[in-house]
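By the working numbering, the letter at position 152 of the sequence shown is numbered 157, and the numbering carries on one by one without gaps. By construction, the Cβ of each residue, glycine as well, lies at the ideal position given by its N, Cα and C atoms. Note that the structure is predicted; figures quoted are calculated from it, not measured. Below is one structure; the comments refer to it alone.
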Amino acid sequence: MCRFLAYSGVPVFLEDFVASPCHSLIHQSLHAEEAKTGTNGDGFGVGWYGERPEPGQYREVRPAWSDENLLSIARQVRSHLFFAHVRAATGTATTRANCHPFVHGRYLFMHNGQIGGYGTIRRRLEALIPDSLYDARAGSTDSEALFLLTLSHLAEGMAPGQALAAAIVDALALMEQAGIREPLRCAAALADGDSIHAVRWSSDTKPPSLYVCERPDSVVVASEPVDAARECWQALPCNTLVTVRGGAVTFSPFEIALKQAA
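Right, dumping it as structure tokens:
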């Protein structure tokens, strides 16, 4: 399983969360504590918003702990909203196009989890991506497919949480048709430059870990606490959507009835 974090608040340098804390994301790339494997060395990425509507992005296939360019970028780039992700591949190639976060227009997206039996339903899942978005399909992961499906539902007028849920239902429907028994597990975050929408959900009882830390000037959503201030970090309940906008944090149920996927 991958590890990630999303930050929103007063502008800070990326290194304040990616590199400096005792359990920073770079530290988690070698020593994750709440994942299936402690090592997340199949690439990494950061995405950040600056003075333009579309986010900047840096991704690489090297492990985060060994990339000096990541340290340099994190030390120099300051942002009010950014994503960072370290990857543990689950069956797809270790390529730059498969590293998170993914960018399309003004949106950033990253994911930790897996669509059960993805190899069996991949072609049919990709067929659900509309032609207007399919050209943006650069990699081969289930995560990128979920992102593009989410964007397609956003284009239909859905709210971000609804769009994320609809993309998951798309995958669940194909899994059911194929008789797949493996679970779909999902911790994901979507941003548009002003807000972050993050979910923790699973079709079984083992969703990926996800925490929220609210401070007076910022909010962080992360797979694991990045510092020793553990009283700040609250585990996001299963089947929950958290929205961060303008310093306000709201929590709402993220229930997906499996019968909807029939």
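query	result
Contact defined as beta carbons within less than 8 angstroms: I believe Pro188 pairs with Ser207. What is the distance between those atoms, to the nearest angstrom?	6 angstroms
Let me know if His32 comes out buried or exposed under the rule of 16 or more other beta-carbons within 10 Å of its beta-carbon.	buried
List the whole-angstrom C-beta distance separating Ala93 from Phe22, where the pair is believed to meet the contact cut-off of C-beta under 8 angstroms.	Contact flag wrong, Cβ pair sits at about 19 angstroms.
So, for Ser268: in the same chain, excluding its five sequence neighbours on each side, which residues have a beta-carbon less than 6 angstroms away from its beta-carbon?	The shown model of the chain, from 6 to 267, leaves out residue 268, and the question about it has no answer.
Where DSSP assigns a beta bridge to Arg190, which residues make up the other side?	Gln119, Ser207
Grab me the residues of Pro26's own chain with a C-beta within less than 7 angstroms of its C-beta, minus the 5 sequence neighbours each way, in chain order.	Val231, Asp232
Just the C-alpha distance for Gln265 and Leu177, rounded to the nearest angstrom, thanks.	The predicted position of Gln265 is uncertain, since its pLDDT is 42 and thus under 50; no value can be drawn from it.
Could you please give me the residues that DSSP links to Ile201 through a beta bridge?	Ala196, Val249
Roughly how many angstroms lie between the CA atoms of His28 and Ala132, to the nearest whole one?	40 angstroms
Please list, in chain order, all residues of the same chain as Ser34 whose beta carbon is under 8 angstroms from its beta carbon, the five residues on each side excluded.	Arg8, Thr44, Asn45, Gly46, Phe49, Pro68, Ala69, Trp70, Val91
Which stretch, first to last residue, makes up the alpha helix (DSSP H) that contains Tyr63?	From DSSP, Tyr63 is part of no alpha helix (DSSP H) but of the beta strand (DSSP E) over 61-65.
When we look at the beta-carbon of Tyr139 and count the other beta-carbons within 10 Å, is it buried (16 or more) or exposed?	exposed
What does a CB cutoff of less than 6 angstroms around Arg250 pick up in its chain, not counting 5 residues either side in sequence?	Ser200
Out of Phe18, Glu229, Gly252, His202, which has the shortest C-alpha to C-alpha gap to Ala37?	Glu229
Enumerate in chain order the residues of its own chain whose CB-to-CB distance from Thr97 is below 7 angstroms, with the five nearest sequence positions on each side excluded.	Asn103, Ser145, Thr146
Checking 8 angstroms against the spacing of the C-beta atoms, do Leu154 and Ala141 come in under that value?	no
Is Thr99 buried or exposed, if buried means 16 or more other CB atoms sit within 10 Å of its CB?	exposed
To which residues of the same chain is Ile185 closer than 6 angstroms at the C-beta, ignoring the five residues directly before and after it?	Gly121, Gly122
Restricting to Cα atoms, I'd like to know which of Leu241, Val254, Leu19, Thr210 is closest to Gly61.	Leu19
Starting from Ala150, trace the beta strand (DSSP E) both ways and give me its first and last residue.	Element bounds for Ala150: not the beta strand (DSSP E) but the alpha helix (DSSP H), 147-160.
Within the region 75-104, note down every full beta strand (DSSP E) run reaching 3 residues or more, in order along the chain.	83-91
In angstroms with no decimal places, state the Cα-to-Cα distance between Ala196 and Leu113.	5 angstroms
Expressed to the nearest angstrom, what Euclidean distance is found between the alpha-carbon atoms of Ala267 and Glu73?	Residue placement at Ala267 is poorly supported in this model, since its pLDDT is 39, which falls under 50; the coordinates still yield a value, given next. Straight-line Cα distance between these residues: approximately 48 angstroms.
Ala11 by DSSP, collapsed to three states: which one?	strand
Which residue or residues does DSSP assign as beta-bridge partners of Pro131?	Just to set this straight, residue 131 is Glu in the shown sequence, not Pro. Paired residue(s): none; Glu131 is not in a bridge.
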